[in-house]
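In the working numbering, the protein residues as written are 802 to 1215.
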């Protein structure tokens, strides 16, 4: 993917910027009550009303151009539709959790900007605390310079963090099979949103919790979730999570939307750089924008090892994933309405662990009223999770049988 990066933190703001105001740790929860974008294409201001003053840091990302505002945990109680449109240099904004104890606001830009001022005003009289970010136009060259400056600082911070990070805990050797369930999206990234307001991130977390409980109750599986609350996890972070746990299977759960309300049904996706068709390619492209929507700086992986052993492992992993997908369709078929092409392939970033069989399950389409009704049904979630658990059981029975030489190898499966 193209590299995306950023500019100055608050500490590097112009001298005429007011300093960030630190909230009292003992203060009550910070709540955002309202937000607005005012101004024109020569000077645009973002204002958010807060219950208390708090720390903020501000930077910009490119490809596409965005301003990102990071805050400690904030409860967003904004009016419905807040952020859907903008003015001047900012066309819209998003907000939500980005990690544990950390919130984020992302402003979509219409052109490169310089953050002229960024500050927080404390409450005064009957006026709430106010977060203010002023933006003015800048050149593409100046924007690129700021990107390079921030990128260097970001790399140094990551290196320092890695140098002091504790060693990863040793894996338990209790013989259980390790499964990672990945509820898609989360936090600032809502995923698909139905016309009724139902959010993908909520549907898939609810379903993943049910599936996790069913698998854990079996006793044969060591089950982990990439997120267990409304927190954003980057695509790379999800892959790294599965690899660190040496997962035997990674299942990413989603519920998409697509233009035209007649598109419906579940789909099982496995990894391929060549998509099955245009629709699969568009859905993968949409899912792969998760990091961009959340204001994450995307960097190309330049450290990937390329040798025959890695290539063989990746090929075997993909073969196992295809076996799992076909088995999932077989088990879910009696209980779930499938899309006309139940097994699809596309270049989903979240499926790219070279050593973990991975599949992405689209439970249905929130853009279809019938699918939305099912997706929200606890009864449907329970029965579908039971069928999915049976599919996982069957898949591992096949894997065990293959390891003892009693079935045809996965690569030869028709």
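By construction, the Cβ of each residue, glycine as well, lies at the ideal position given by its N, Cα and C atoms.
Can the beta-carbon of residue i be found less than 8 Å from the beta-carbon of residue j?
{"i": "residue 894", "j": "residue 884", "result": "yes"}
{"i": "residue 844", "j": "residue 935", "result": "yes"}
{"i": "residue 1137", "j": "residue 1098", "result": "no"}
{"i": "residue 833", "j": "residue 856", "result": "no"}
{"i": "residue 1043", "j": "residue 861", "result": "no"}
{"i": "residue 847", "j": "residue 908", "result": "yes"}
{"i": "residue 1193", "j": "residue 1050", "result": "yes"}
{"i": "residue 1016", "j": "residue 1069", "result": "no"}
{"i": "residue 865", "j": "residue 1084", "result": "no"}
{"i": "residue 1076", "j": "residue 1148", "result": "yes"}
{"i": "residue 916", "j": "residue 1096", "result": "no"}
{"i": "residue 1024", "j": "residue 1151", "result": "no"}
{"i": "residue 1177", "j": "residue 1004", "result": "yes"}
{"i": "residue 879", "j": "residue 914", "result": "no"}
{"i": "residue 1066", "j": "residue 1139", "result": "yes"}
{"i": "residue 999", "j": "residue 1175", "result": "no"}
{"i": "residue 919", "j": "residue 859", "result": "yes"}
{"i": "residue 852", "j": "residue 873", "result": "no"}
{"i": "residue 989", "j": "residue 898", "result": "yes"}
{"i": "residue 952", "j": "residue 910", "result": "no"}
{"i": "residue 1120", "j": "residue 1196", "result": "no"}
{"i": "residue 1072", "j": "residue 1153", "result": "yes"}
{"i": "residue 938", "j": "residue 1078", "result": "no"}
{"i": "residue 1086", "j": "residue 1055", "result": "no"}
{"i": "residue 948", "j": "residue 863", "result": "yes"}
{"i": "residue 830", "j": "residue 876", "result": "yes"}
Helix, strand or coil for residue i? Go by DSSP, reduced to three states.
{"i": "residue 925", "result": "strand"}
{"i": "residue 868", "result": "strand"}
{"i": "residue 853", "result": "coil"}
{"i": "residue 874", "result": "coil"}
{"i": "residue 893", "result": "strand"}
{"i": "residue 1094", "result": "helix"}
{"i": "residue 844", "result": "coil"}
{"i": "residue 977", "result": "coil"}
{"i": "residue 1161", "result": "strand"}
{"i": "residue 1263", "result": "An answer regarding residue 1263 cannot be provided, because it is not within the stretch 802 to 1215 covered by the chain."}
{"i": "residue 1228", "result": "Any question about residue 1228 goes unanswered here, given that the chain covers just 802 to 1215."}
{"i": "residue 996", "result": "coil"}
{"i": "residue 1110", "result": "The pLDDT assigned to residue 1110 is 48, lower than 50, so where the model puts this residue is not dependable, and the model offers no usable value."}
{"i": "residue 953", "result": "helix"}
{"i": "residue 836", "result": "strand"}
{"i": "residue 1186", "result": "helix"}
{"i": "residue 883", "result": "coil"}
{"i": "residue 946", "result": "helix"}
{"i": "residue 983", "result": "strand"}
When we look at the beta-carbon of residue i and count the other beta-carbons within 10 Å, is it buried (16 or more) or exposed?
{"i": "residue 1185", "result": "buried"}
{"i": "residue 1198", "result": "exposed"}
{"i": "residue 983", "result": "buried"}
{"i": "residue 1182", "result": "buried"}
{"i": "residue 986", "result": "buried"}
{"i": "residue 1052", "result": "buried"}
{"i": "residue 940", "result": "exposed"}
{"i": "residue 886", "result": "exposed"}
{"i": "residue 1202", "result": "exposed"}
{"i": "residue 1228", "result": "Residue 1228 lies beyond the range of the chain shown here (802 to 1215); nothing can be said about it."}
{"i": "residue 1155", "result": "buried"}
{"i": "residue 1118", "result": "buried"}
{"i": "residue 1179", "result": "exposed"}
{"i": "residue 1224", "result": "Past the boundaries of the shown model lies residue 1224; the chain is included only from 802 to 1215, so the question cannot be answered."}
{"i": "residue 1162", "result": "buried"}
{"i": "residue 1146", "result": "buried"}
{"i": "residue 930", "result": "buried"}
{"i": "residue 1057", "result": "buried"}
{"i": "residue 1021", "result": "exposed"}
{"i": "residue 1018", "result": "exposed"}
{"i": "residue 1122", "result": "buried"}
{"i": "residue 976", "result": "exposed"}
{"i": "residue 1035", "result": "buried"}
Over what stretch of residues does the beta strand (DSSP E) that includes residue i continue unbroken?
{"i": "residue 936", "result": "930-938"}
{"i": "residue 905", "result": "903-910"}
{"i": "residue 1150", "result": "No beta strand (DSSP E) contains residue 1150, which DSSP labels as neither H nor E."}
{"i": "residue 859", "result": "858-862"}
Check for me: the alpha helix (DSSP H) holding residue i runs from which residue to which?
{"i": "residue 1079", "result": "1079-1088"}
{"i": "residue 1009", "result": "1001-1019"}
{"i": "residue 1175", "result": "1170-1176"}
Are any of the Cβ atoms in chain C nearer than 8 Å to that of residue i?
{"i": "residue 1073", "result": "The structure shown contains no chain C, having only a single protein chain."}
Jot down the residue ranges of each uninterrupted beta strand (DSSP E) in the stretch 1021-1076, minimum 3 residues, whole runs only, in chain order.
Those beta strand (DSSP E) runs which fall completely within the stretch 1021-1076 and span 3+ residues are 1022-1026, 1050-1057 and 1067-1072.
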